[in-house]
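Scroll down for the structure; my scribbles are underneath it.
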Amino acid sequence: ARRRRAVAAAAAGVDVSAWNAGAKEARLAALEAEAIGAIEKAVENFDHPVFPCAFIAGDVVIMHLLDKLGYLSSGKVQVLCVDTFHLFPETMEFLKAKEEAYGFKANVFMAEGTANKAEYDEKYGANLWKENIEEYDRVCKVEPFQRGLKELQCDAFINGRRRDHGFERAFIPLFEEGKMTKVNPIAYWTFEDCFDYLEANDIPAHPLHEQGYPSIGDAKDTVTVPREKWFEYAGERSGRFQGLANSDGSKKTECGIHVDGAERTWDRDLWGDAEQDIASAVAPAERDSIDSVLKQEGVDVLAVVYAPWCKFCQAAEEEFEALAAEVGSDEALRVAKYRGDTDRDFVKPEWGVESFPTFLRFPADGSGPVKYTGTEEQRDRATLGAFLRTGAQP
Numbered sequence: 002a003r004r005r006r007a008v009a010a011a012a013a014g015v016d017v018s019a020w021n022a023g024a025k026e027a028r029l030a031a032l033e034a035e036a037i038g039a040i041e042k043a044v045e046n047f048d049h050p051v052f053p054c055a056f057i058a059g060d061v062v063i064m065h066l067l068d069k070l071g072y073l074s075s076g077k078v079q080v081l082c083v084d085t086f087h088l089f090p091e092t093m094e095f096l097k098a099k100e101e102a103y104g105f106k107a108n109v110f111m112a113e114g115t116a117n118k119a120e121y122d123e124k125y126g127a128n129l130w131k132e133n134i135e136e137y138d139r140v141c142k143v144e145p146f147q148r149g150l151k152e153l154q155c156d157a158f159i160n161g162r163r164r165d166h167g168f169e170r171a172f173i174p175l176f177e178e179g180k181m182t183k184v185n186p187i188a189y190w191t192f193e194d195c196f197d198y199l200e201a202n203d204i205p206a207h208p209l210h211e212q213g214y215p216s217i218g219d220a221k222d223t224v225t226v227p228r229e230k231w232f233e234y235a236g237e238r239s240g241r242f243q244g245l246a247n248s249d250g251s252k253k254t255e256c257g258i259h260v261d262g263a264e265r266t267w268d269r270d271l272w273g274d275a276e277q278d279i280a281s282a283v284a285p286a287e288r289d290s291i292d293s294v295l296k297q298e299g300v301d302v303l304a305v306v307y308a309p310w311c312k313f314c315q316a317a318e319e320e321f322e323a324l325a326a327e328v329g330s331d332e333a334l335r336v337a338k339y340r341g342d343t344d345r346d347f348v349k350p351e352w353g354v355e356s357f358p359t360f361l362r363f364p365a366d367g368s369g370p371v372k373y374t375g376t377e378e379q380r381d382r383a384t385l386g387a388f389l390r391t392g393a394q395p
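Numbering (the numbering used here), first residue to last: 2 to 395.
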């Protein structure tokens, strides 16, 4: 019946293809207007908007819109890029081309204490991503990203996440509230819309799209995808994170930059923040205060070895703080914290810390420490309190 109608329309001299072209043009115009409006709100209402860019199709759309609004050459929006030292070489070449075309200079951040791949390999190990993918994400993506946001004083960041990415992104709005506002100007676009827009405006896309890559991440775990699958639900990112899994065994779908809490490290520490005058009942411990805080004679101590960027540590914050408040002035008990991600060379060999958070009991008799064996669901105040007071495991 559909074919008969098409034949009838053609016979009647109706140009259906023109209708479709007009509909597409109108759709792209509406999407562009919505995206521009979101970007303008970000620039007009925040002092330091930042655009973290990975140069995939949606990011290239946003970059074009930023240029169209004059926000790149004027510096009103700063561009942040993270070089993991594992990117395709074409990605950094594409960045240079965009800088020249739009008259701006990107702010490129990389693993702390390194300036090139050789230095990275020496400091962190060339096989870090094989040995500990979450640590690799932290070192190569999350920490440089957070450091970049902090150095650029970001109070709103504009990014290319869309609902049709699926998974964690399936219900994102144009604006996400929080300590730092996330602006998702193309949240309601589809992957196909991005390519249609680039084509309609003669905007060069990342060259690897032509080689079969719908989304471009690290060369080590990004693969080509048949073109017919690109525009399926979550199809764009189906070639990402191949062969990688999270520590809980689930399939990896995010690099760590956009997961809940990823931007939190630059915002504040966990369990109090001296720099921001945020108080906590949890006693801070460092390498030079281990004896006085964690190993004080006559005091049973429960310490959490943590990383402020870790979502599991963040989830445990409220209950652990409540336990510290409950213990209060009891001179025979103490609840403490020790930041482990910046002191791995010590906490791993000395205390056997393999992941965060790790809860350790330092008994009053000076023995130990003893590692808590409870699950994520057993990190409540009562269960941790029993472990602190008696050493009882759940």
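Where is the CB? At the ideal position from N, CA and C, for every residue including glycine. Model, not experiment: these values are computed from the prediction.
In the DSSP assignment, N108 falls outside any alpha helix (DSSP H) and within the unbroken beta strand (DSSP E) covering N108 to F110. Annotation: the stretch 173-224 contains the following complete segments of the alpha helix (DSSP H) (minimum length 4 residues), in chain order: 192-201. Between the alpha carbons of K183 and D344 lies a gap of roughly 31 Å. Per DSSP, the continuous beta strand (DSSP E) segment holding D301 begins and ends at D301 to Y307. The beta carbons of C155 and H49 sit closer together than 8 Å. Among the bridge pairs identified by DSSP, C141 is matched with none.
Annotation note: the stretch 305-342 contains the following uninterrupted beta strand (DSSP E) runs of length 3 or greater, listed N- to C-terminal: 334-340. Comparing C-alpha distances from C82 to each of L70, L96 and F89 shows the shortest one belongs to L96. In the structure shown, L153 adopts coil according to DSSP, grouped into three states. About 14 Å separates the beta carbon of A282 from that of V294, a gap too long to meet the 8 Å contact definition.
In the structure shown, P285 falls within a strand segment according to DSSP collapsed to helix, strand and coil.
The three-state secondary structure of T374, taken from DSSP, is coil.
Non-local C-beta neighbours of D381 in its own chain, meaning closer than 6 Å and more than five positions away in sequence, comprise E320, ordered along the chain. The stretch 44-99 contains, as complete alpha helix (DSSP H) runs of 4+ residues, the segments 58-69 (chain order). DSSP, read as helix, strand or coil, puts R380 in coil.
Note on E237: 16 or more other CB atoms within 10 angstroms of its CB, so buried under the neighbour-count rule. In the DSSP secondary-structure assignment, L361 is bridged to A304 and K372.
Segment contact: the stretch 106-117 against the stretch 77-92, three or more CB-CB distances shorter than 8 Å; contact assigned. Of all C-beta pairs linking the stretch 134-143 to the stretch 33-51, fewer than three are shorter than 8 Å, placing the two stretches out of contact. Here A58 really is in contact with C195; their C-beta atoms are around 4 Å apart, less than 8 Å.
Rounded to the nearest angstrom, the gap between the Cα atoms of Y339 and L271 is 10 Å.
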